[in-house]
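Residue numbers for the first sequence, in the numbering used here: 156 to 984. No residue lacks a Cβ here, since even glycine has one placed at the ideal position from N, Cα and C. Taking it in order: structure first as structure tokens, then the write-up.
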Amino acid sequence: MSEQTQTRQRPRQTERYEPRAIEHKWQTRWEADALYRTPDDDPRPKWYALTMLPYTSGDLHIGHWWAMVPSDTQARFKRMSGYNVLFPMGFDAFGLPAENAAIKNQTHPSEWTFRNVDHMRTQLKSMGAMFDWQREVITASPDYYRWTQWWFLQLLKHDLAYRKSASVWWCPKDQTVLANEQVVDGRCERCDTIVSKRDLEQWFFRITNYADELLDFSRLQWPEQIQLMQRNWIGRSEGADLRFGLDIPGVAEQEIRVFTTRPDTVYGVTFFVLAPEHPLLDQITSPEQRDAVRSYVEAARKESEIDRLSTDREKTGVFTGAYVTNLFNGERVPVWTADYVLATYGTGAVMGVPGHDQRDFDFARKYGLKIVPVFHHPDWDGGELTAALGHGGTMINSGPFDGTADADAVRTVTAYAEANGLGRRAVTYRLRDWLISRQRMWGAPIPIVYCDDHGAVPVPERDLPVLLPDDAEFRPTGESPLTYHQGFLHTTCPTCGKPARRETDTMDTFMCSSWYQMRYIDPHNEERPFSRELARKWLPVDQYTGGAEHAVMHLLYTRFFTKAARDMGVLEHDEPMVRLFNQGQILGPDGQRMSKSRGNVVAPDDQVERWGADTFRGYLMFLGPWDQGGPYDPSGINGVYRWLNRVWNVVLGETAAAPLPAAPATRELRRWTHRTVRKVTDDLGAFRFNTMIAAMMEYTNYLTRLRESAAPVDAAAWDEARTSLALLLAPAVPHIAEELWQRLGKPYSVHTQPWPSYEAALTVEDEVEVAVQVNGRLRGRLTLPTDAPEATARDRALADAAVRPHIEGKEIVRIIYVPNRLLNIVVRG
RNA sequence: GCCGAAGUGGCGGAAUGGCAGACGCGACGGUCUCAAAAACCGUUGGGCCGCAAGGCUCAUGUGGGUUCGACUCCCACCUUCGGCACCA
């Protein structure tokens with residue numbers, strides 16, 4: 156009985172795929188073996204792959220996996236392709252949320268931050284990524300921010316840092332500075348008080364010195380749209396600075412300068428506008444207009460820049476009572492102030508030319524100001540204007556310049572201005588110098604001491620870091636505790652030793668993330684931010700990946716840092732990251748940004764627990780194109796899990812194998828193998844992870860069908876197939892690949908194996924299906940030998956039973972043949 | 001508002017000038033099971049014709065255009081997403 160039962164048993168079942176067991180096993184083994192330690196002295200060519208470091212927000216988010224898994228996959232692919240790959244990880248750990256948590260929990264922000272780091276590191280490890288944790292960097296730890304402070308001192312030394320007054324949001328009730336985020340509809344998010352701008356002395360970096368160089372992308376392989384966004388952000392404008400005469404009793408200044416891209420319209424100036432923040436505004440305002448101007452300025456200080464720059468909005472402004480003289484024609488024009496003029500752009504003043512600028516036109520219409528066209532535009536009938544005129548035509552109403560053609564106008568007028576001292580050629584940028592001061596505690600302290608005798612004195616490098624106090628008291632107002640921490644505040648002047656006061660502002664966290672890629676190459680160096688030799692070896696980053704939300708600010712700041720470092724003799728290259736890829740944003744299942752308040756958060760830990768890291772990794776990459784993002788809908792993940800089970804069964808299952816090298820089925824099997832190797836290789840290089848997974852699924856389905864057909868297959872070709880599949884899987888799903896590799900009896904580790912290559916000759920089909928169209932409509936299909944000549948295809952198509960009814964009795968005008976794809980017969984009648 | 005991007009079956013998507021819907025989810029039908037789940041197999045854009053094999057036709061946000069041929073290129077519009085300088 157028992158014997159009979161045994162003989163009736165099916166052939167031995169392979170062990171089931173148990174992701175949790177094998178993932179834990181291999182992660183432990185990899186760590187014990189230091190498989191992902193990146194040596195500095197490896198002779199292979201280096202490849203520095205970097206993904207943007209996470210902020211220490213508390214919990215790892217689906218978005219972190221979404222960002223890091225494909226990066227890890229590509230870094231692993233590069234490693235197998237023969238590179239010594241550096242793929243580090245760290246934490247962006249300073250910033251506002253830590254302070255909010257500190258106020259809420261009455262703790263020190265460092266407590267919250269470092270607890271989050273520990274938790275997130277554990278979560279990150281469950282990803283099975285090839286991060287080299289020996290190189291971890293935490294921007295809020297003193298051995299890191301010491302060097303952030305060092306960078307500040309270098310920039311200061313090289314005149315790339317300076318102090319000037321700039322405005323911040325201020326809540327009059329809480330007596331505190333607010334971030335933009337904390338201002339909701341013009342009110343303080345905490346107490347609902349209407350907020351206003353307030354001026355403070357703050358530190359800036361001269362990023363505008365590099366504006367022109369930052370416009371040069373010739374050495375970068377960055378996406379076109381990112382280059383475009385950066386170009387638009389920098390916003391280079393050529394034009395002229397023109398002088399306008401000022402003659403007001405009691406005002407020292409004799410002129411106001413204005414930047415314009417249209418100096419050729421200067422004879423059309425009928426008014427003049429100063430930004431509400433313009434330094435001369437108060438002085439030139441007449442006593443009768445003072446109250447009106449003051450209340451207008453005050454109102455403008457409550458508005459955001461986005462609102463002020465909206466072209467949608469009705470223009471507002473107030474007459475100052477003053478006049479300036481147009482030095483070209485001696486005319487006096489009224490000076491207004493209006494909030495659509497920003498103090499931070501150009502000279503903070505605009506010459507109003509309503510005939511040729513739409514904003515000025517709208518403004519003039521509203522306030523009944525004169526409109527004088529100075530070009531006879533071809534579309535203009537000479538009547539009253541209904542909108543500003545664009546470029547084109549010849550100059551009129553412009554004294555000596557009348558008759559000058561549009562194409563020559565700017566040059567001619569600018570030359571005249573320069574020759575007569577009325578102005579000069581000028582270039583202006585939309586880009587502003589980088590304001591790095593933050594009136595907050597949880598950031599790297601700006602290493603400056605204020606002395607009554609010596610002013611702002613830099614802290615000597617040997618005294619770095621300027622440590623944050625660890626006993627700071629957080630008050631519910633959100634005011635920086637550094638401002639009332641006596642131990643921090645009081646110090647001595649480095650120059651004279653007299654009592655002095657520390658700078659209590661800290662640095663913008665974008666500073667920390669502007670140079671972190673440099674620290675990873677030498678993270679434990681106590682003498683310098685990094686060694687020169689290691690910089691020469693590892694930098695620049697070969698492939699950077701991260702969210703498109705950083706397209707402009709972070710990516711411009713780090714480019715600036717690199718260029719400044721080059722000019723300061725710290726680095727020898729020009730650009731921080733040679734290649735860039737921006738992934739899209741992953742959203743909650745409801746298509747909204749994931750957030751606890753919306754209740755649409757899908758926790759990655761739960762997904763890993765339920766399906767295993769490999770399935771989750773594979774699913775994230777399979778979801779769709781990486782650069783697009785979109786909602787994370789967990790309902791399809793079982794498809795990837797099923798696939799990995801099929802992989803498991805087909806690679807480890809038994810087949811009837813025999814030496815059949817010449818069989819047609821062998822040729823087909825090898826064609827599948829080599830085509831899949833080619834497809835996966837190409838997709839990995841091009842960030843097409845979704846189609847890479849799909850190609851491996853198709854291959855697995857083919858192998859499964861082949862195995863289940865029970866027909867004998869060539870032993871060598873079958874071994875090539877399952878070996879190749881295990882290797883192709885290794886970057887995307889590293890744990891199952893390692894397990895399969897071991898069970899196939901191959902030497903540890905699959906991740907140190909060379910990437911499989913393909914033979915192009917083996918990928919070619921013998922026959923292809925060619926579509927036959929008549930007038931662009933599909934009418935039939937032909938099976939033809941690959942690369943069949945046109946004559947063959949044409950003859951077969953014209954004789955085809957499905958095609959003939961559509962061409963009979965008609966004149967064939969033309970035949971278009973695309974080999975191996977399509978033949979289109981164009982008929983008439 | 002300004003700058004950048006994206007709109008394709010019930011859903012995620014594939015195809016970047018050449019057979020629209022690869023791959024997967026879901027759904028439906030089946031196998032197994034007392035049953036359910038899981039697993040596996042089959043079908044699956046809409047409409048029309050046909051017993052069937054199959055055929056015709058409509059369809060890639062909307063409206064135009066270029067082309068033998070357009071999801072793909074051009075123009076206009078609509079919607080959604082990212083950024084707008086102190087969220088990171």
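If you check the beta carbons only, do Leu-401 and Glu-408 fall under 8 Å apart?
yes
Neighbourhood of Val-763 by C-beta, 6 Å cutoff - its chain only, sequence neighbours within 5 removed:
Here the set comprises Ser-281, Phe-771.
Out of Glu-809, Arg-801, Tyr-796, Ala-872, state which residue places its alpha-carbon closest to the alpha-carbon of Ala-820.
For Ala-820, the closest C-alpha among the options Glu-809, Arg-801, Tyr-796, Ala-872 is that of Ala-872.
Could you name the residues of the same chain whose beta carbon sits closer than 6 Å to that of Arg-171, not counting the 5 residues immediately before and after it, in chain order?
none
Counterpart residues of Cys-326 in DSSP-defined beta bridges:
Thr-331
Secondary structure at Met-732, three-state DSSP: helix, strand or coil?
Note: Met-732 maps to strand in three-state DSSP.
Who are Ala-560's beta bridge partners in DSSP?
Thr-549
Assuming Pro-867 contacts Ala-812 under a Cβ cut-off of 8 Å, what Cβ separation, rounded to an integer in Å, is found between them?
By a beta-carbon distance limit of 8 Å, Pro-867 contacts Ala-812. Their separation comes to about 7 Å.
Could you please give me the residues that DSSP links to Ile-411 through a beta bridge?
Partner(s): Phe-399.
If you pair each beta-carbon of the segment 486-498 with each one of the segment 448-457, do three or more pairs fall below 8 Å?
yes
Tell me which residues share the same chain as Tyr-299 and place their Cβ nearer than 7 Å to its Cβ, disregarding the 5 neighbours each side in the sequence.
Val-292, Ile-293, Arg-674
Cutoff 7 Å; reference Thr-647; Cβ partners in own chain excluding five residues on either side:
Once the five neighbours on either side are set aside, the close Cβ partners of Thr-647 are Lys-653, Pro-654, Ala-655.
Residue range of the unbroken alpha helix (DSSP H) whose run includes Gly-773
In the DSSP assignment, Gly-773 falls within the alpha helix (DSSP H) that extends over 768-777.
Which of the three DSSP states is assigned to Arg-585 in this structure?
coil
Just tell me which of Thr-502, Gln-376, Ile-891 has its CA closest to the CA of Pro-431.
Thr-502
Buried versus exposed call for Val-968 [16 or more other C-beta atoms within 10 Å across all chains shown]
exposed
Going by the DSSP bridge assignment, what does Glu-893 pair with across the sheet?
According to DSSP, which records beta bridges pairwise, Glu-893 is partnered with nothing at all.
Residues sharing a beta bridge with Arg-951, DSSP:
For Arg-951, which the question treats as bridged, DSSP gives no partner whatsoever.
Is Leu-799 closer than 8 Å to Asp-769 when the C-beta atoms are compared?
A contact, by the Cβ cut-off of 8 Å.
Do the segment 748-760 and the segment 711-724 meet, that is, are 3 or more Cβ pairs less than 8 Å apart?
no
Run of the beta strand (DSSP E) containing Ala-956, from where it starts to where it stops
Segment: none, Ala-956 is in no beta strand (DSSP E) and carries neither H nor E.
Using only CA atoms, which one of Asp-367, Ile-526, Glu-469, Val-505 lies nearest to Gly-411?
According to the sequence as given, residue 411 is Ile; it is not Gly. Of Asp-367, Ile-526, Glu-469, Val-505, the residue nearest in Cα terms is Val-505.
Per-residue burial, Gly-576 [other beta carbons within 10 Å of its own, 16 or more giving buried]:
By the C-beta density criterion, Gly-576 is exposed, having fewer than 16 other C-beta atoms within 10 angstroms.
Considering Cα atoms alone, identify which of Val-923, Thr-499, Ala-316, Asn-737 is closest to Trp-221.
Minimum Cα distance to Trp-221 is reached at Asn-737.
Spatial distance of Asn-552 from Gly-523 (CA atoms)
20 Å
Arg-318 and Glu-356 look like a contact to me (Cβ under 8 Å); what is the Cβ gap, rounded to whole Å?
6 Å
At which residues does the alpha helix (DSSP H) containing Phe-307 begin and terminate?
297-312
Does DSSP put Arg-167 in a helix, in a strand, or in coil?
At Arg-167, the pLDDT of 41 sits below 50, so the modelled position is not reliable; the number obtained from the coordinates is stated separately. Correct three-state label for Arg-167: coil.
Beta-carbon spacing of Ala-887, Gly-773 below 8 Å:
yes
Coil, strand or helix - Tyr-796 by DSSP:
helix
Start and end residues, alpha helix (DSSP H) containing Val-614:
Premise fails: Val-614 is in no alpha helix (DSSP H) and is neither H nor E.
Using the C-alpha atoms, what's the distance from Gly-510 back to Lys-328?
Lys-328 and Gly-510: Cα-Cα distance of roughly 46 Å.
For Ile-971, which option in His-961, Arg-949, Asp-517 has the closest C-alpha, if you only look at C-alpha atoms?
Arg-949
Close beta carbons around His-890, own chain, < 8 Å, minus the five adjacent residues each side:
Pro-174, Ile-177, Glu-178, Trp-181, Gln-182, Gly-283, Gly-767, Ala-768, Asp-769
Could you name each continuous alpha helix (DSSP H) segment of 4 residues or more that falls completely within the segment 842-892, going from the start of the chain to the end?
844-863, 870-884
Need the endpoints of the alpha helix (DSSP H) that Val-448 sits in, please.
445-455
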